[in-house]
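Written out below as structure tokens is the structure these notes cover.
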Amino acid sequence: MADYLVIVESPAKAKTIERYLGKKYKVKASMGHVIDLPKSQMGVDVEENYKLKYITIRGKGPILKELKTAAKKAKKVFLAADPDREGEAIAWHLARSLDVDENSKCRVVFNEITKDAVKESFKNPRHIDNKLVDAQQARRVLDRLVGYNISPLLWKKVKKGLSAGRVQSVAVKLVMEREREIQNFTPEEYWTIESEFKKGKETFEGSFYGVKGKKQKLDSKQDVDHILKQLNGDHFKVEKVNKRERKRNPAQPFTTSSLQQEAARKLNFKARKTMMLAQQLYEGIDLGKKEGTVGLITYMRTDSTRISDTAKSEAAQYIESSYGKEYLGSGQKKIGAQGAQDAHEAIRPTSVNRSPKTLKGILSRDQLRLYKLIWERFLASQMAPATMDTVTAHLVNNEVEFRATGSQIKFKGFMKVYVEGEDDQKKKENKLLPPLKEGEDVLAKDIEPNQHFTQPPPRYTEARLVKTLEELGIGRPSTYAPTLDTIQRRGYVALDNRRFVPTELGEIVVDILKEYFPEIIDAEFTAKMENDLDSIEEGKVEWINIIDEFYGGFEKRLDKAEKEMEKIEIKDEPAGEDCEKCGHEMVYKMGRYGKFMACSNFPDCRNTKPILKEIGVKCPNCKEGNIVERKSKKNRTFYGCDRYPECEFVSWDKPISRPCPKCEGLLVEKKKKKGTQVQCTQCDYKEEPQE
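First residue of the sequence shown? That's 342 in this note's numbering, and the numbers climb one at a time after it.
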């Protein structure tokens, strides 16, 4: 038997670490928490100073028994759970279950699973940090007091299976408030005047700015006509040319939140998928005989942008040898999110020398895409700023001023490697103006007025909602992915074109919470609770005091809600057709993936049907049916014939009604980075992408 027992959470992590430590060490996995509060009851005794009732998690008995046996035979037990509050709590529960002295140096933490980092951490074991444990316990107690008191109330007064939580309720409220903003939005008319200008053989674009050097808005057609009448011919004088050099700095390396946002924007990954892939990259990937199993990125639950000096030095050497000395950055200031704990580093590759190219064929497609994103973002963060030359020309005709702007990338700097998502400036950055001198004339070729209307604020995407929660100081890195998953599973929100829409159920629950438990959905209150948890971790306050302060007011509101809240009946909306199996009326129901049709005779009849949305295109296969929008089991939109299974036509790309002008074949819309492109499924016909 090995001299030392090391306990981690996962088998993948255990396998990687055991190889680094050698024969004297045996590494076993606890498979996450083995001890927790019971699911069937609150497990918090508010009368006994919030005493917690911990039990062995169902199904974890054999694992705990195996760990106890191994611990008795080992000279020393090391607890190497993840380096955060949750990991500290796992270590604390294990220490108490395995009779390991909590005051001994039994706790080992590492931010990356590499040979050097793991060996170094075992040279410097520490005590279990009780302040971290208290902060985790306080979060669990708060969530229990809220969830296990409000949820049964919602079951009784609204519908079974509902839940309420501190972070999830605020998230639903944000989605609902945004939807109401959109519904109440009144578009306002405004106009622009664009023109193509010509100097010699060269052309460039400009737009109306104002009159007599003052910026002017165009609110109506009358405003536009007034400006057009003021123009005297089509010759404009170049009154002024402003030239300036500006620098653009690289983005900071990833935190958990920014990684989830960027993976959603660039890779179309859900937050849960991003975290699952990041976990795999962190715990270790088998790179073959030469290196074996290696952790490829640092710990992925962090709100810090700090980078170790060793990583900075390695990146500097890589940048100089690969791109040249001029691409070296001077180092950025560390910027943390509101309430950032800065417990460990930003998310980065464990070795920048392990480029994405060297991992092709080793990582899965999605693992490689995420690793490439992390690698490029980190490398770019250590590179020099990009330098732009920008030119603004002031073009005047009878005191009416148009302006033309052009810019050019003078030095790419970090942009040679990576540009942050939602970058709409690429075309503009390379749009050059011809050489223009003050006092010379240019010719306006086409002056076109365009009518526009202001747009409502956009619905939340996953990335935008995560960013908003982070900016408000709500939740922490580990909470975002499960929060977004929960609000969808509960049917509080649905995804429409990858954007969150509140359901009727979600609106009812938020309105109830707003009336009876306003603090639960108040963003400022929830952010304050997060700060209080940080204060517990820092040892500034006792966790019981924080819970007591919260529960006093909460208990009174709970009593009031029990007495005053009326039962709400959510009636099913008739679907306008009868069930083909039993003849009863079909109704609309809300499920995890949005609305569907179900028989009103449930549970005697369990017939369900998807709601088919016609897109106005005849089936190209059978020529009889209509193409409808459908959802796959993974909630991905596809298109098929409404005569299925008689006709089996399907397409991931949306068909359009007009035929291909080249071969009469089926045209479809394909999603591209630059927009939506129409192309033929039978020949090489393509149209320019439309944004």
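For each residue, glycine too, the CB sits at the ideal point set by N, CA and C.
Between the alpha carbons of residue i and residue j, how many angstroms are there, rounded?
i       : j       : result
Glu580  : Asn738  : 10 angstroms
Asn838  : Asn967  : 21 angstroms
Lys897  : Leu825  : 30 angstroms
Asp442  : Leu483  : 28 angstroms
Ile853  : Leu405  : 42 angstroms
Leu346  : His434  : 16 angstroms
Tyr857  : Asn962  : 56 angstroms
Glu740  : Gly754  : 41 angstroms
Tyr821  : Gln708  : 20 angstroms
Asp913  : Ile523  : 25 angstroms
Ala745  : Thr533  : 14 angstroms
Asp683  : Lys414  : Residue placement at Asp683 is poorly supported in this model, since its pLDDT is 42, which falls under 50; the coordinates are not used for a value here.
Asn583  : Gln601  : 40 angstroms
Glu632  : Ser705  : 18 angstroms
Lys675  : Asp875  : Reliability fails at Lys675, whose pLDDT of 43 lies under 50, so the model's placement of it is uncertain and no value is given.
Met927  : Glu535  : 53 angstroms
Ala756  : Ile877  : One point to set straight first is that residue 756 is Met, not Ala, in the sequence displayed. Computed Cα separation, rounded: 42 angstroms.
Arg437  : Glu350  : 16 angstroms
Arg588  : Ala864  : It is worth fixing the name first, because residue 588 is Lys in this sequence and not Arg. Going from the Cα of Lys588 to the Cα of Ala864 covers about 36 angstroms.
Pro528  : Ala605  : 29 angstroms
Gly629  : Leu700  : 11 angstroms
Cys444  : Phe943  : This sequence places Asn at residue 444; Cys is not what is there. About 58 angstroms.
Asp787  : Gln1018 : 27 angstroms
Arg947  : Gly917  : 18 angstroms
Phe545  : Phe451  : 56 angstroms
Thr357  : Val732  : 55 angstroms
Tyr640  : Arg689  : 8 angstroms
Asp560  : Asp730  : 33 angstroms
Lys542  : Thr728  : 29 angstroms
Ser599  : Ser649  : 19 angstroms
Pro591  : Ser819  : 26 angstroms
Pro790  : Gly547  : 12 angstroms
Val418  : Ile454  : 19 angstroms
Pro1000 : Val958  : 11 angstroms
Val387  : Leu378  : 14 angstroms
Thr809  : Pro799  : 13 angstroms
State yes or no: is the C-beta of residue i nearer than 7 angstroms to some heavy atom of the ligand GTP?
i      : result
Val807 : No copy of the ligand GTP appears in this structure; indeed no ligand is present at all.
Over what stretch of residues does the beta strand (DSSP E) that includes residue i continue unbroken?
i      : result
Gly957 : Lys954 to Lys959
Ile997 : Lys995 to Pro1000
Gln557 : Gln557 -> no beta strand (DSSP E), and no H or E assigned at all.
Phe841 : Arg840 to Pro843
Asp650 : No beta strand (DSSP E) holds Asp650; the alpha helix (DSSP H) holding it covers Asp650 to Tyr664.
Glu359 : Not the beta strand (DSSP E): Glu359 falls in the alpha helix (DSSP H), residues Pro352 to Leu362.
Ala916 : Glu914 to Asp919
I need the boundaries of the alpha helix (DSSP H) containing residue i, first residue and last residue.
i      : result
Arg587 : Unbroken run through Arg587 is the beta strand (DSSP E), His576 to Arg589; no alpha helix (DSSP H).
Asn471 : Asn471 to Lys498
Phe990 : Phe990 -> no alpha helix (DSSP H), and no H or E assigned at all.
Gly893 : Trp884 to Glu905
Asn791 : Taken as a continuous stretch (DSSP letters only), Asn791 belongs to no alpha helix (DSSP H), being part of the beta strand (DSSP E) at Asp782 to Phe794.
Ala415 : Premise fails: Ala415 is in no alpha helix (DSSP H) and is neither H nor E.
Tyr623 : Ala612 to Glu624
Leu810 : Glu803 to Glu812
Gly428 : Arg426 to Ser438
Phe463 : Lys456 to Lys464
Leu825 : Tyr821 to Arg830
Using a Cβ-Cβ cutoff of less than 7 angstroms, which residues in the same chain neighbour residue i once the five nearest sequence positions on both sides are dropped?
i      : result
Thr978 : Glu970 and Lys972
Ser371 : Ile348, Glu350, Ile404, Leu408, Ile431 and Leu435
Cys988 : Cys960, Asn962, Cys963, Gly966 and Cys982
Report all residues from its chain with a CB closer than 6 angstroms to the CB of residue i; omit the five preceding and five following residues, and keep chain order.
i      : result
Lys540 : Pro775 and Val783
Going by beta carbon distance, what residues of the same chain come within less than 8 angstroms of residue i, once the five residues before and after it are set aside?
i      : result
Leu953 : Val969, Glu970, Arg971 and Asp983
Glu655 : Ser692, Val693 and Asn694
Asn390 : Ile885
3 or more residues per run - each beta strand (DSSP E) lying fully within the region 693-769: Segments of the beta strand (DSSP E) lying fully in the region 693-769: 727-738 and 741-752.
Are there three or more Cβ pairs, one per stretch, closer than 8 angstroms when the region 802-822 is compared with the region 484-503? Touching, no, given that fewer than three Cβ pairs across the two stretches are closer than 8 angstroms.
Is the number of C-beta pairs between the region 868-884 and the region 455-466 that are closer than 8 angstroms three or more? They do not touch, by the three-pair rule.
Tell me, please, whether the region 652-671 touches the region 556-576 by the rule of three or more beta-carbon pairs shorter than 8 angstroms. Taking one beta carbon from each stretch, the region 652-671 and the region 556-576 have fewer than 3 pairs nearer than 8 angstroms; the two do not touch.
How about the region 468-484 and the region 411-427: do they share at least three Cβ pairs that are nearer than 8 angstroms? The region 468-484 and the region 411-427 touch, with no fewer than 3 CB-CB distances between them shorter than 8 angstroms.
Cβ contact check for the region 476-495 and the region 874-889: 3 or more pairs under 8 angstroms: Three or more beta-carbon pairs separated by less than 8 angstroms link the region 476-495 to the region 874-889, which places the two stretches in contact.
Does the structure place the region 981-995 close enough to the region 1003-1013 that three or more beta carbon pairs sit under 8 angstroms? Result yes; three or more Cβ-Cβ pairs closer than 8 angstroms.
Decide yes or no for the touch test of the region 513-528 against the region 901-915: beta carbon pairs closer than 8 angstroms, at least 3 of them. The region 513-528, when compared against the region 901-915, does not touch it at the 8 angstroms Cβ threshold.
Cβ pair count under 8 angstroms reaching 3, the region 719-729 against the region 615-623: Between the region 719-729 and the region 615-623, the count of C-beta pairs closer than 8 angstroms stays below three; the two stretches do not touch.
Determine, using beta-carbon pairs with one atom in the region 794-812 and one in the region 835-851, whether at least three such pairs fall under 8 angstroms. A contact exists between the region 794-812 and the region 835-851.
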